[in-house]
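K.L.:
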Amino acid sequence: GQNIDQPTEMTATEGAIVQINCTYQTSGFNGLFWYQQHAGEAPTFLSYNVLDGLEEKGRFSSFLSRSKGYSYLLLKELQMKDSASYLCAVRHTGFQKLVFGTGTRLLVSP
Amino acid sequence: NAGVTQTPKFRILKIGQSMTLQCTQDMNHNYMYWYRQDPGMGLKLIYYSVGAGITDKGEVPNGYNVSRSTTEDFPLRLELAAPSQTSVYFCASSYEGTSIPQYFGPGTRLTVL
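Chains as they are written, first to last, in this note's numbering: chain A, 7 to 116; chain B, 54 to 166.
1) For a contact defined as C-beta to C-beta under 8 Å, what are the partners of tyrosine 54 of chain A on chain B?
2) Quick check: valine 141 of chain B and glycine 160 of chain B, are their CB atoms within less than 8 Å of each other?
3) On the CB-based measure, 16 or more other CB atoms within 10 Å of its CB, does serine 146 of chain B come out buried or exposed?
4) Identify whether aspartate 109 of chain B lies in helix, strand or coil by the three-state DSSP scheme.
5) Are the CB atoms of leucine 104 of chain A and valine 96 of chain A nearer to each other than 8 Å?
6) Look at the alpha carbon of arginine 130 of chain B and the alpha carbon of isoleucine 107 of chain B, and state the distance between them as a whole number of angstroms.
7) Which residues in the same chain have their Cβ closer than 6 Å to the Cβ of aspartate 79 of chain B, if we skip the five residues on either side of it in sequence?
8) Would you check if the distance between the CB atom of glycine 116 of chain B and the CB atom of tyrosine 101 of chain B is smaller than 8 Å?
9) With 8 Å set as the bound, which would you pick, yes or no: does the beta-carbon of alanine 48 of chain A sit closer than that to a beta-carbon of chain B?
10) What distance in whole Å lies between the Cβ atoms of glutamine 42 of chain A and threonine 50 of chain A, which are believed to be in contact at a cut-off of 8 Å?
11) With DSSP as the reference, label serine 137 of chain B as helix, strand or coil.
12) Does glycine 95 of chain B get closer than 8 Å to chain A when you measure Cβ to Cβ?
13) On the three-state DSSP scale, how would you describe aspartate 11 of chain A?
14) Let me know the secondary structure DSSP gives lysine 87 of chain A once reduced to three states.
15) Note down the Cα distance separating leucine 81 of chain A from glutamine 70 of chain B, rounded to an integer number of angstroms.
16) Just mark glycine 109 of chain A as buried or exposed, buried being the case when its beta carbon has 16 or more other beta carbons within 10 Å.
17) What are the start and end residues of the beta strand (DSSP E) that includes lysine 97 of chain B?
18) Buried or exposed for methionine 94 of chain B, going by 16 or more other Cβ atoms inside 10 Å?
19) Is threonine 123 of chain B helix, strand or coil by DSSP?
20) Under 8 Å between beta-carbons, which chain A residues line up against proline 159 of chain B? List them in chain order, please.
21) Within the 8 Å Cβ cut-off, does glutamine 42 of chain A reach chain B?
22) Between the C-alpha atoms of leucine 38 of chain A and glycine 21 of chain A, what's the straight-line distance to the nearest angstrom?
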C-alpha cells in the first residue's frame with residue numbers, strides 16, 4: 007500500500023519563498039507528481055520526478071529523494087495567485103494509477 | 054481542443070435516486086479515470102479504464118459503475134444514491150506512460166439529500 011503525508015496548511019507572504027514537503031511510503035515507487043488546485047477548480051499538473059534531484063520550471067521547482075521517501079515543491083517569488091492547494095501524488099510500480107496525498111493549502115498574503 | 058469535459062457541473066439528488074455523470078475527452082487518450090474528492094481529503098480513485106471495453110476498480114468503487122464503449126467517453130453511474138456519495142467528482146485522462154500526467158475535467162459537484 008501507499009501512505010502519503012503533507013502539511014495541511016501553510017501561509018507565506020507575497021514575494022517570499024515557500025517549501026511544501028511530501029513524504030511517502032510505498033512498496034514500489036514509479037514517480038511522483040505535483041498538482042496545483044485552486045478552490046473550486048480541477049487539479050492542474052505542475053511537475054514530475056522519478057529520479058533523485060531537482061527539477062526546475064520557472065518559479066516552481068520540485069525535489070525528490072527516493073531513499074528518504076521525500077519530495078518538496080519550492081515556490082519562489084510568491085504571487086497572490088499562488089494561493090491554492092498543492093497535491094502530491096505517487097505512482098506505484100507497474101500501475102498507471104496515482105495515489106494522492108490530502109494536499110497542502112497555501113495562503114499567500116500581501 | 055476542449056480537453057476533458059464533464060456534465061453536469063452541479064446536481065442535487067434525493068436518497069435512492071440514480072444518475073450518470075458524463076465525461077468526454079478529445080485528446081485521444083487511452084487511459085481515463087474517475088475520482089471523488091471530499092473536503093479536506095485527497096482524490097480517491099473510483100474506477101479507471103485503459104481503453105475501450107476495459108475497466109477496473111480503484112480504491113472506492115462501491116456504489117458506482119462505469120462503462121467505456123468508446124475512446125472518448127467514460128460515464129460514471131450512481132445507483133441508489135446515498136448521502137455518503139456527496140462529493141466533487143473529477144474525471145481525468147492520460148496517455149499511457151509512467152511520466153505522463155493526468156489531465157482533469159472541471160468536476161461535478163454532487164449533493165445527495
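Built from N, CA and C at the ideal position, the CB exists for glycine as well.
Given the structure is predicted, the values throughout are model-derived calculations rather than measurements.
P.N.:
Walking through what the data contain:
1) For tyrosine 54 of chain A, the chain B residues whose Cβ falls inside 8 Å of its Cβ are Ser152 and Pro154, in order along the chain.
2) Cβ distance < 8 Å, so valine 141 of chain B and glycine 160 of chain B count as in contact.
3) Serine 146 of chain B comes out buried.
4) strand
5) yes
6) One C-alpha to the other measures close to 16 Å.
7) Asn54 and Ala55
8) no
9) Under the 8 Å criterion on CB atoms, alanine 48 of chain A is classed as interfacial with respect to chain B.
10) Indeed they touch by this definition, with Cβ atoms about 5 Å apart.
11) helix
12) yes
13) Looking at aspartate 11 of chain A - three-state DSSP - the assignment turns out to be strand.
14) helix
15) 45 Å
16) buried
17) Per DSSP, the unbroken beta strand (DSSP E) holding lysine 97 of chain B starts and ends at 96–104.
18) Of the residues assessed, methionine 94 of chain B falls on the exposed side of the cut-off, its CB having fewer than 16 other CB atoms within 10 angstroms.
19) coil
20) Glu47 and Ala48
21) Proximity of glutamine 42 of chain A to chain B, defined by a Cβ-Cβ separation below 8 Å, is not satisfied.
22) Cα atoms of leucine 38 of chain A and glycine 21 of chain A: separation of roughly 27 Å, rounded to the nearest angstrom.
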